Amino acid sequence: MKILFFTGKGGVGKSTMAAASAWQLSQKFRVLLISLDPAHNVGDIFNVPVKEEKTRFTDTLFLSEVNLQKLAKEYLRREIDVLSGTYKYLTALNLDNYFNVLKYSPGIEEYALLTSIDRTVRSATEFDYIVFDTPPTGLTLRFLALPKVTLTWIDRLVKIRREILEKRYTIHRIRGTLSSEETVLDYKEEDDNIMKRLSELTKNYKYLDGILHGDDCSVAVVFNPDILSLRESERLIEGLNDLGLPLRLFINNKITDANEEMASYVETKMKAMAKDIPIERIRLAKPLLDGRTNPLYEVSERVIPDAWQ
Ligand SMILES: Nc1ncnc2c1ncn2[C@@H]1O[C@H](COP(=O)(O)OP(=O)(O)O)[C@@H](O)[C@H]1O
Ligand SMILES: [Mg+2]
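Using my numbering, you'd call the opening residue of the sequence shown number 277 and step up by one each time.
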């Protein structure tokens, strides 16, 4: 199974290109197109109602739009339940009372999106391709960074926890045998609930990190022949580099006779940043007022390089 992320500045044509490539790939493969952008338009592009559950568009193309708010709430609900189960003393705090405030915590949306990607990748094994249409650059980079960021923190927490367990063991040895009424705090890593939870989290995030950095994952950056989208793409490429994410395709979208020169200039700049990445050029499709044109079908022959098929 291959995974494709379409990223770029708002309005450059991420959704259109994600949809066009999903359509193109579905001529040969089984494809699932998922919109992670809260401002969904996959349904509008294909002109069908799309829900969170995969919606069948053709025998080989399925569509889905994630409900970010719902996901964020579910994520928080699960975390509160796990927290209350792992750290018994938190039950006294009754985290439930804080639910309506905690749901605005920074990072919840990013974790919720990552959970959605994780779930999809694990469960949608019947597809050859999963194409993700992503939210604006900032949010996308943050959720793509999460596995690494989280693993770094967990590693630190494991060290702290280990020190606590070692201290408990020392105390246990000094005190010797306890009477039956006294409680012995766990000092072995394999008995400790918090260590168990941390190693479970490590396993999950390592799996996801492996997927995002693997050979079967590709990030495409969509841009237009204009300076603002060039600047944002430069920041995006820098972010992808920092995170070691697999940038594999540039799409120079909305080219016209009038902006041809700017298109070449922008491409030169992009090549200077990432020289071996192929660039696909997509022309601006002519809109027809009778509603027949949908850029999706106009460009659907060309978005994905032949070499990928
Ligand atoms: N190659 C193209 N030809 C014509 N219109 C396009 C093309 N690519 C995108 N558009 C139009 O540009 C607008 C923004 O595209 P969209 O895919 O929604 O961008 P994004 O998802 O990056 O915000 C939409 O109206 C879309 O139909
Ligand atoms: Mg979009």
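Glycine is no exception: its CB is placed at the ideal position from the N, C-alpha and C atoms.
Quick caveat, the model's predicted, so the values are computed rather than measured.
message: Could you tell me the alpha carbon to alpha carbon distance between Thr544 and Arg473, rounded to whole angstroms?
response: Along the sequence shown, read from residue 1 onward, the residue named residue 544 stands at position 268. Along the sequence shown, read from residue 1 onward, the residue named residue 473 stands at position 197. Between Thr544 and Arg473, the alpha-carbon positions lie close to 48 Å from each other.
Backbone CA spacing between Thr502 and Val542 [nearest angstrom]: Position 226 of the sequence shown, counted from the first residue, corresponds to residue 502. Position 266 of the sequence shown, counted from the first residue, corresponds to residue 542. Sequence inspection shows Asp at residue 502; the Thr mentioned does not correspond to that position. Whole-angstrom Cα-Cα distance: 7 Å.
- request: With distances taken Cα to Cα, identify the nearest neighbour of Ala298 among Lys285, Tyr374, Asn343, Asp335.
  value: Start at 1 with the first residue of the sequence shown, and residue 298 comes out as number 22. With distances taken between CA atoms, Ala298 lies nearest to Asp335 out of Lys285, Tyr374, Asn343, Asp335.
- request: Please confirm whether Glu355 and Val342 have their CB atoms less than 7 Å apart.
  value: Locating residue 355 in the sequence shown gives position 79, where the first residue counts as 1. Locating residue 342 in the sequence shown gives position 66, where the first residue counts as 1. No, these two residues do not count as a Cβ contact at 7 Å.
field: Proximity to Asn535 [Cα-Cα], best of Val358, Ile527, Ala548, Leu560
entry: Counted from its first residue, the sequence shown places residue 535 at position 259. Among Val358, Ile527, Ala548, Leu560, the Cα nearest to that of Asn535 is on Leu560.
query: What is the residue span of the alpha helix (DSSP H) that Ile470 lies within?
result: Position 194 of the sequence shown, counted from the start, is the residue given in the question as residue 470. Note, Ile470: alpha helix (DSSP H), 469-489.
- prompt: Whose C-beta lies closer than 6 Å to the C-beta of Arg557 among residues of the same chain, with five residues either side of it excluded?
  reply: Counted from its first residue, the sequence shown places residue 557 at position 281. The residues are Asn528, Ile531.
message: Among Val495, Asn500, Leu504, Asp533, whose alpha-carbon lies nearest the alpha-carbon of Gly515?
response: Taking the first residue of the sequence shown as 1, we reach residue 515 at position 239. For the residues Val495, Asn500, Leu504, Asp533, the minimum Cα distance to Gly515 belongs to Val495.
query: Ile447 bridges to which residues according to DSSP?
result: Your numbering for residue 447 matches position 171 in the sequence shown. Note: Ile447 sits in no beta bridge, so no partner.
- prompt: Can you pull the DSSP bridge partners for Val495?
  reply: Counted from its first residue, the sequence shown places residue 495 at position 219. Beta-bridge pairing links Val495 to Phe281, Leu523.
Extent of the continuous alpha helix (DSSP H) to which Leu378 belongs: For the purposes of this step, residue 378 is identified with residue 102 of the sequence shown, where counting begins at 1. Run containing Leu378: 375-378, per the alpha helix (DSSP H) assignment.
CB contact flag (Thr391, Ile430, <7 Å): The residue you call residue 391 lines up with position 115 of the sequence shown. The residue you call residue 430 lines up with position 154 of the sequence shown. Contact flag unset, no.
message: Taking 7 Å as the threshold (C-beta atoms), are Leu389 and Leu280 in contact?
response: To locate residue 280, count along the sequence shown from 1; it is residue 4. To locate residue 389, count along the sequence shown from 1; it is residue 113. Going by C-beta atoms, Leu280 is not nearer than 7 Å to Leu389.
Distance, Glu350 Cα to Met277 Cα: Numbered from 1 along the sequence shown, position 1 holds the residue referred to as residue 277. Numbered from 1 along the sequence shown, position 74 holds the residue referred to as residue 350. It is roughly 27 Å from the alpha-carbon of Met277 to the alpha-carbon of Glu350.
field: beta-carbon Ser291 near ligand 2 non-hydrogen atom, thresh 6 Å
entry: The count along the sequence shown starts at 1 and reaches residue 291 at position 15. Yes, the beta carbon of Ser291 sits closer than 6 Å to at least one heavy atom of ligand 2.
query: To which residues does DSSP link Ser340 through a beta bridge?
result: Translated into positions along the sequence shown, residue 340 becomes position 64. Ser340 pairs with Ile310.
query: Taking contact to mean at least 3 C-beta pairs separated by less than 8 Å, is the stretch 423-441 in contact with the stretch 289-309?
result: no
message: Please tell me whether Phe305 and Tyr405 are closer than 7 Å, where the distance is taken between their beta carbons.
response: By one-based count along the sequence shown, residue 305 stands at place 29. By one-based count along the sequence shown, residue 405 stands at place 129. Yes; because the gap between Cβ atoms is below 7 Å, this pair is in contact.
field: Val407 (DSSP reduced to helix, strand or coil)
entry: One-based indexing of the sequence shown puts residue 407 at position 131. Residue state, collapsed to three classes: strand.
task: Could you say which of Leu352, Asp485, Gly520 lies nearest to Arg382 if we only look at CA atoms?
output: Reading the sequence shown from its first residue, position 106 is the one you call residue 382. For clarity, residue 382 is Pro in the given sequence; the question names Arg instead. Per the Cα distances, Leu352.
query: Which term fits Leu512, buried or exposed, when burial requires 16 or more other beta carbons within 10 angstroms of its beta carbon?
result: In the sequence shown, counting from the first residue as 1, residue 512 sits at position 236. Looking at its Cβ environment, which holds 16 or more other Cβ atoms inside 10 Å, Leu512 is buried.
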